Amino acid sequence: MAEVLLVYEVRPESVDIPPKKLEKAIREGLDPMFKMQNNPEEKPLFFGMVGIVGQFIIPEEDGAQDKLEEFLNSLEEVSSIQMTFVTRL
């Protein structure tokens, strides 16, 4: 089965959430069917907030992207997400 690479900007809920805590929250709850690449890029945002740019590999199947996005948006540390890139592997 083919896989898909998705790149997301993940913004923290507040300035008190450092990028490493954001990454840890994602990794701890991530479904085993998804893989998050190591060392996500830190992205300065505004008002001192720093988000991350994470790369995720998911199976190419119906609903997989929606499931990943629902998970990311459900985290209390996450304010919002935005997909910036997608490609089939």
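Just add 21 to the spot in the sequence shown (first one is 1) and you have the numbering used here.
Where a beta carbon is used, it is the ideal one built from N, C-alpha and C, also for glycine.
Please read all numbers here as calculations on a predicted model, not as lab measurements.
Check	Outcome
Measuring alpha carbon to alpha carbon, tell me which residue in Gly-84, Thr-108, Ile-78 and Gly-72 is nearest Glu-98.	Gly-72
Under the assumption that Leu-110 contacts Gln-76 (Cβ atoms under 8 angstroms), give the Cβ distance between them as a whole number of angstroms.	The Cβ separation is near 11 angstroms, so there is no contact.
Could you give the first and the last residue of the continuous alpha helix (DSSP H) run that contains Glu-24?	Per DSSP, Glu-24 belongs to no alpha helix (DSSP H); it is in the beta strand (DSSP E), 24 to 33.
Taking DSSP as the reference, what is the three-state secondary structure of Phe-55?	coil
So the beta strand (DSSP E) Glu-63 belongs to, where does it begin and stop?	62 to 65
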